[in-house]
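Right, one structure below, let's go through it.
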Amino acid sequence: MNYFEPNVVIVDDKLDEIQGIITYYQKNGIGCKYYNADLSDGDDYPENEMSDVTFLFLDLFYSDHFDVELSTSWVRSIIQPGAFYVLILWTKDISKKSVIEERLKEMNLMPYSLIIKNKGDYAINSSMKYDYTNLLVSIDQELKKISAIEEILIWKNALKQAANIVLGGLISERTQEFTDKLKKVIESHGGKSISNASEPMLKRSTLFEALNNVLLSNIPQFDANFEISDENKKGLYDLSSITSNTIDRKLNSWFHFSLRSDLEGKTLPGIIAKNKSSLLKQLYSITDDEIVRELISPQVSSAGTIIEDIVLNITRPCDYSQNKYGKNLKLLSGIIIRHPLRKNNEKRDIKLNDKKYKCILKFDHLYHNDIDDDLTLIFDLRYCFSIPVSIYKKSFDNKKMLNRELLSDIQVTYGNYVSQLGYTKII
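Mapping the sequence shown onto numbering that gives the first Met the number 0, position 381 (from 1) lands on 380, and the numbers just tick up by one.
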């Protein structure tokens with residue numbers, strides 16, 4: 000079983016300089032993994048990055064000379080890009096901190112918090128070599144200054160508790176019965192189409208999606224399992240200290256977009272894709288529509304602003320499972336505006352014609368990456384069309400995927416829009 004992972008990882012070329020750290024975490028029931036970084040007879044890098052590492056202790060010298068690539072390569076092999084973790088530099092030369100930080104930033108491996116501890120400050124004349132008790136107390140004190148980390152760790156704990164409860168609801172006396180229940184979950188959640196599918200990975204995705212749905216419903220019951228510290232009552236949960244009205248595009252996008260990056264070749268609901276087909280642009284682009292032209296007229300002449308055709312896959316999961324559209328996907332036409340011209344108001348909203356249209360959906364102040372760091376999405380509910388999956392894969396490049404809640408809201412809005420009844424009104 001290769002799926003059990005430690006919460007603490009230690010990288011050092013000398014076991015006797017970290018033995019006390021290992022002992023402390025093992026005594027407290029915390030999973031701890033040591034990697035010997037010795038250049039001649041040390042351990043290999045782990046085959047895969049880990050997903051549950053909270054603390055990474057890192058020595059910086061594995062020979063007489065410092066090599067930033069050697070040190071950060073250990074981080075890269077253990078931590079997933081963009082992941083949450085705390086990095087503790089346990090070293091005899093603290094002057095290398097800034098070099099490490101710069102390289103980790105380039106690699107998208109910046110830690111939530113970086114703590115540096117000088118081995119010389121904790122050296123003692125003993126077989127243990129270092130005063131590990133004081134070391135770990137000082138690390139704990141530094142972490143307490145960042146009170147929010149406690150709540151994040153409580154939340155992660157709640158996720159694990161809820162996952163165990165969800166799976167516990169399927170436990171049976173016979174292990175085969177447990178397997179049969181999982182099969183029923185796949186079939187019930189995926190519908191007829193999944194029963195006839197041959198790809199095991201598609202069936203796994205269906206199973207995990209069903210488990211995730213049940214997990215979300217069960218997490219809140221563990222919110223009150225731990226008391227809220229005084230530090231967080233006065234810090235994190237004191238919302239009176241929020242003073243800035245500036246919109247954080249990264250944070251805003253965190254609520255809009257899924258963090259999935261494996262979208263190539265996928266046809267999942269919620270995917271936003273760039274239209275590459277000149278024919279499909281001619282048929283379904285909204286840029287030549289009279290209402291849209293009027294709406295975005297301030298953007299058309301703006302230097303540095305780029306407008307591109309996109310679509311949003313609004314096919315419902317139940318439409319897939321019930322095979323409502325056969326080979327087709329249901330797509331909503333839209334545009335992405337990169338680096339839009341903005342108003343001079345406090346929130347710096349996109350500058351558009353101020354007239355309101357029921358058919359227009361706008362999502363402003365979005366972020367994709369360091370290049371596409373200022374985006375606006377606009378969709379027109381009047382422009383919805385269906386095409387076969389085979390044509391979609393040839394004609395569109397998947398870019399991002401909306402969060403499920405936002406996609407559901409758009410699907411409901413679209414349904415309400417197209418189901419509105421008209422009537423004769425004599426004025």
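In this text, a Cβ means the ideal position worked out from N, Cα and C, and glycines have one as well.
{"Asked": "At the level of alpha carbons, what is the spacing between isoleucine 151 and leucine 278?", "Found": "49 angstroms"}
{"Asked": "Got a sec, what are the start and stop residues for the beta strand (DSSP E) tyrosine 34 sits in?", "Found": "31-35"}
{"Asked": "Report yes or no: do three or more beta-carbon pairs, one from the region 396-406 and one from the region 265-274, lie closer than 8 angstroms?", "Found": "yes"}
{"Asked": "By the DSSP assignment, the beta strand (DSSP E) with glutamate 307 in it spans what residues?", "Found": "305-312"}
{"Asked": "Mind checking isoleucine 305: buried by the 16 CB within 10 Å criterion, or exposed?", "Found": "exposed"}
{"Asked": "How about the region 359-379 and the region 322-341: do they share at least three Cβ pairs that are nearer than 8 angstroms?", "Found": "yes"}
{"Asked": "Can you look up tyrosine 382 in the DSSP assignment and give me helix, strand or coil?", "Found": "strand"}
{"Asked": "Can you name the start and end residues of the beta strand (DSSP E) that serine 418 belongs to?", "Found": "Per DSSP, serine 418 belongs to no beta strand (DSSP E) and is neither H nor E."}
{"Asked": "First and last residue of the alpha helix (DSSP H) that includes glycine 19?", "Found": "18-26"}
{"Asked": "If aspartate 92 and phenylalanine 65 are in contact, beta carbons under 8 angstroms, what's the gap, nearest whole angstrom?", "Found": "7 angstroms"}
{"Asked": "Roughly how many angstroms separate the alpha carbons of tyrosine 129 and valine 98, rounded to a whole number?", "Found": "26 angstroms"}
{"Asked": "Note the first and the last residue of the continuous alpha helix (DSSP H) segment covering arginine 259.", "Found": "Here arginine 259 belongs to no alpha helix (DSSP H), and DSSP marks it neither H nor E."}
{"Asked": "Exposed or buried, what is glycine 189 when buried is set at 16 or more other beta-carbons lying within 10 Å of its beta-carbon?", "Found": "buried"}
{"Asked": "Look up isoleucine 336 in the DSSP assignment and give the residues it is bridged to.", "Found": "Ile306, Thr375"}
{"Asked": "Between Lys393, Leu294, Thr286, which lies nearest to glutamate 307 when the distance is taken from Cα to Cα?", "Found": "Thr286"}
{"Asked": "Take the Cβ of aspartate 179 as the centre, count every other Cβ of all protein chains shown within 10 Å, and call the residue buried at 16 or more, exposed below.", "Found": "exposed"}
{"Asked": "Buried or exposed for glycine 167, please, with buried defined as at least 16 other CB atoms from any protein chain shown within 10 angstroms of its CB.", "Found": "exposed"}
{"Asked": "Return the CA-CA distance between lysine 155 and cysteine 383, expressed in angstroms with no decimal places.", "Found": "40 angstroms"}
{"Asked": "Which of helix, strand or coil does DSSP assign to asparagine 402?", "Found": "coil"}
{"Asked": "Report the residue from Ser62, Ser385, Thr90 whose alpha carbon sits nearest the alpha carbon of glycine 119.", "Found": "Thr90"}
{"Asked": "DSSP three-state call for phenylalanine 83: helix, strand or coil?", "Found": "coil"}
{"Asked": "Using a Cβ-Cβ cutoff of less than 8 angstroms, which residues in the same chain neighbour isoleucine 290 once the five nearest sequence positions on both sides are dropped?", "Found": "Tyr356, Cys358, Ile359, Asp379"}
{"Asked": "Please state if the CB of lysine 354 and the CB of leucine 340 are separated by a distance shorter than 8 angstroms.", "Found": "no"}
{"Asked": "Tell me the DSSP secondary structure of methionine 106 in three-state form.", "Found": "coil"}
{"Asked": "Would you call the region 143-150 and the region 224-244 in contact, with 3 or more CB pairs under 8 angstroms?", "Found": "yes"}
{"Asked": "What are the boundary residues of the alpha helix (DSSP H) that phenylalanine 207 is part of?", "Found": "199-217"}
{"Asked": "In angstroms, rounded to a whole number, what distance separates the CA positions of leucine 201 and tyrosine 366?", "Found": "30 angstroms"}
{"Asked": "Looking only at its chain, what residues have a beta carbon closer than 6 angstroms to the beta carbon of phenylalanine 256, apart from the 5 residues adjacent to it on each side?", "Found": "Lys399"}
{"Asked": "For the beta strand (DSSP E) that contains asparagine 117, what are its first and last residues?", "Found": "112-117"}
{"Asked": "Residue range of the beta strand (DSSP E) that lysine 392 falls in?", "Found": "Premise fails: lysine 392 lies in the alpha helix (DSSP H), 388-394, not in any beta strand (DSSP E)."}
{"Asked": "So what does phenylalanine 54 bridge to, in DSSP terms?", "Found": "Val7, Val85"}
{"Asked": "Go through its chain and collect everything with a Cβ distance to glutamate 141's Cβ below 7 angstroms, but skip five positions before and after it.", "Found": "Ile114"}
{"Asked": "Count the CB pairs spanning the region 15-27 and the region 43-51 that are closer than 8 angstroms, and state whether there are at least three.", "Found": "no"}
{"Asked": "Would you say valine 67 and arginine 102 are within 8 angstroms of each other, going by their C-beta atoms?", "Found": "yes"}
{"Asked": "Could you check whether aspartate 63 and alanine 36 sit closer than 8 angstroms to each other, using their CB atoms as the reference points?", "Found": "no"}
{"Asked": "What does DSSP give as the partner residue(s) for threonine 90 in the beta ladder?", "Found": "Asn117"}
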